[in-house]
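Beneath this line is the structure, given in structure tokens, with notes to follow.
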Amino acid sequence: MVVFEKPKSLTDAQFHYCPGCTHGIIHRLVAEAIDETGVEGRAVGVAPVGCAVMAYNYFACDMVEAAHGRAPAVATGLKRAMPENIVFTYQGDGDLASIGMAETVHSAARNENITVIFVNNAIYGMTGGQMAPTSLPGQVTQTSPYGRDVKTAGYPIKICEILAALDGPEYIARVAVNNVKNVRNAKKVIKKAFENQIEGKGFSLVEVVSSCPTNWGMTPVKALEWVEEKMIPYYPLGVYKDRSAQEVEA
Amino acid sequence: MAKVTFDTDVCKGCGLCVSVCPKQVLGLSKTVINKKGHYPAEMLDEKNCIGCASCAIMCPDCVITVER
Chain X
0 MVVFEKPKSL
10 TDAQFHYCPG
20 CTHGIIHRLV
30 AEAIDETGVE
40 GRAVGVAPVG
50 CAVMAYNYFA
60 CDMVEAAHGR
70 APAVATGLKR
80 AMPENIVFTY
90 QGDGDLASIG
100 MAETVHSAAR
110 NENITVIFVN
120 NAIYGMTGGQ
130 MAPTSLPGQV
140 TQTSPYGRDV
150 KTAGYPIKIC
160 EILAALDGPE
170 YIARVAVNNV
180 KNVRNAKKVI
190 KKAFENQIEG
200 KGFSLVEVVS
210 SCPTNWGMTP
220 VKALEWVEEK
230 MIPYYPLGVY
240 KDRSAQEVEA
Chain S
0 MAKVTFDTDV
10 CKGCGLCVSV
20 CPKQVLGLSK
30 TVINKKGHYP
40 AEMLDEKNCI
50 GCASCAIMCP
60 DCVITVER
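Order-wise, the sequence lines are chains X and S.
All residue numbers for the first sequence refer to numbering that gives the first Met the number 0, where the first residue is 0 and numbers rise by one.
All residue numbers for the second sequence refer to numbering that gives the first Met the number 0, where the first residue is 0 and numbers rise by one.
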């Protein structure tokens, strides 16, 4: 009996990501969610700009490439024009939390019926490791060689907390992929984000705390330890908003 | 008995599978270099593998298939 194999919603293309990059794990979790919710054939993905810019090569479903940060706006159009399709975006922190902040906040406020997968690795990966809006205070990057100074560069943006404060969105959650237990949990949460859309509940965003071994200058194993020690305390995991569950309780 | 197969030429030798194996039956090859130029992960002690699929769950490149 096969216990584990590559999901059908991933193509045979080999990932271009660096060794140990957790993008691969998150791609797989999204593909498993597509397989298990049975939406293959009507799933449409929107690829971002960033390391995951070539995500359209990897998902075995229709994919659209959006301008930098505009994936939620493109997804809004796709979903409104073809409401029977299941539309998801896959974005990094430079894409979603920086240049695409307006599109993110407004699509959440409008409660667009889309699923957003937000990969937070606290750095701009593709362009060579510059400071991102999500870089931790004191974090050394190419553009903060003495560590992020909050006096001049400000504080990291916590997307889940910001969006959970809005009345619009249906489901906001933060997960991590730094160990087996967290990956299993991330799979459940991502699947729920897809189910919410299938049930027509509205905007679901899953923030995935991930790693960037190359630009952090660590081995893949050390990078995951850094996620556990530094990132998760700053970006606490959990479900920040689940409107349907809250309405049942009330 | 659990059977773990590796798509060796896809492996990037990141070692995440080795680090999460509860039975420590995996390792990176010391003799083989794959098409990508990495030392790929390999099974060292198949008898003690329990087929928990932790390695496959952590593998970023879908290299590992687990059967039980």
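Virtual Cβ for every residue (Gly too), placed ideally from N, Cα, C.
Determine whether the Cβ of residue i lies closer than 8 angstroms to any Cβ atom of chain X.
{"i": "residue 66 of chain S", "result": "yes"}
{"i": "residue 28 of chain S", "result": "no"}
{"i": "residue 43 of chain S", "result": "no"}
{"i": "residue 25 of chain S", "result": "no"}
{"i": "residue 36 of chain S", "result": "no"}
I'd like the list of long-range same chain contacts for residue i, defined as Cβ closer than 7 angstroms, with 5 residues on each side in sequence excluded.
{"i": "residue 8 of chain X", "result": "30, 33, 34, 39, 58, 59 and 60"}
Have a look at the DSSP bridge pairing and note the partners of residue i.
{"i": "residue 58 of chain X", "result": "X/9"}
{"i": "residue 42 of chain S", "result": "S/25"}
{"i": "residue 166 of chain X", "result": "Paired residue(s): none; residue 166 of chain X is not in a bridge."}
{"i": "residue 66 of chain S", "result": "X/1 and S/2"}
{"i": "residue 204 of chain X", "result": "X/115 and X/171"}
{"i": "residue 60 of chain S", "result": "According to DSSP, residue 60 of chain S bridges with nothing at all."}
{"i": "residue 237 of chain X", "result": "X/173"}
{"i": "residue 129 of chain X", "result": "X/123"}
In terms of alpha-carbon separation, which member of the options lies closest to residue i?
{"i": "residue 58 of chain S", "options": "S/0, S/1 and S/5", "result": "S/5"}
{"i": "residue 54 of chain X", "options": "X/84, X/23, X/71 and X/68", "result": "X/23"}
{"i": "residue 91 of chain X", "options": "X/46, X/139 and X/176", "result": "X/46"}
{"i": "residue 14 of chain S", "options": "S/50, S/67 and S/42", "result": "S/42"}
{"i": "residue 34 of chain S", "options": "S/25, S/2, S/23 and S/12", "result": "S/12"}
{"i": "residue 160 of chain X", "options": "X/235, X/183, X/95 and X/224", "result": "X/235"}
{"i": "residue 116 of chain X", "options": "X/205, X/173, X/200 and X/77", "result": "X/205"}
{"i": "residue 29 of chain S", "options": "S/37, S/23 and S/22", "result": "S/37"}
{"i": "residue 241 of chain X", "options": "X/1, X/86 and X/169", "result": "X/169"}
{"i": "residue 212 of chain X", "options": "X/64, X/128 and X/72", "result": "X/128"}
Excluding sequence positions up to five away, which residues of its chain have a Cβ less than 6 angstroms from the Cβ of residue i?
{"i": "residue 108 of chain X", "result": "165 and 167"}
{"i": "residue 193 of chain X", "result": "32, 36 and 114"}
So residue i contacts chain S; which residues on that side make the cut at Cβ distance below 9 angstroms?
{"i": "residue 9 of chain X", "result": "61"}
{"i": "residue 16 of chain X", "result": "11, 59 and 60"}
Given that residue i touches chain S, what residues does it touch there, using C-beta distances under 7 angstroms?
{"i": "residue 21 of chain X", "result": "59"}
{"i": "residue 190 of chain X", "result": "None at all; the shortest Cβ gap to chain S is about 15 angstroms."}
{"i": "residue 219 of chain X", "result": "13, 14 and 15"}
{"i": "residue 230 of chain X", "result": "Neighbours of residue 230 of chain X on chain S: none; closest Cβ ~17 angstroms, over 7 angstroms."}
Going along chain S in order, which residues have a C-beta closer than 8 angstroms to the C-beta of residue i?
{"i": "residue 3 of chain X", "result": "52, 55, 56, 63, 64 and 65"}
{"i": "residue 147 of chain X", "result": "Under the 8 angstroms cutoff, chain S gives no residues; its nearest Cβ is about 27 angstroms from residue 147 of chain X."}
{"i": "residue 13 of chain X", "result": "9 and 60"}
{"i": "residue 179 of chain X", "result": "19, 53, 56 and 57"}
Within the 8 angstroms Cβ cut-off, does residue i reach chain S?
{"i": "residue 144 of chain X", "result": "no"}
{"i": "residue 214 of chain X", "result": "no"}
{"i": "residue 24 of chain X", "result": "yes"}
{"i": "residue 182 of chain X", "result": "yes"}
{"i": "residue 53 of chain X", "result": "no"}
{"i": "residue 41 of chain X", "result": "no"}
Could you name the residues of the same chain whose beta carbon sits closer than 8 angstroms to that of residue i, not counting the 5 residues immediately before and after it, in chain order?
{"i": "residue 143 of chain X", "result": "130, 134 and 152"}
Using a C-beta to C-beta distance shorter than 7 angstroms, which residues of chain X count as neighbours of residue i?
{"i": "residue 31 of chain S", "result": "None at all; the shortest Cβ gap to chain X is about 16 angstroms."}
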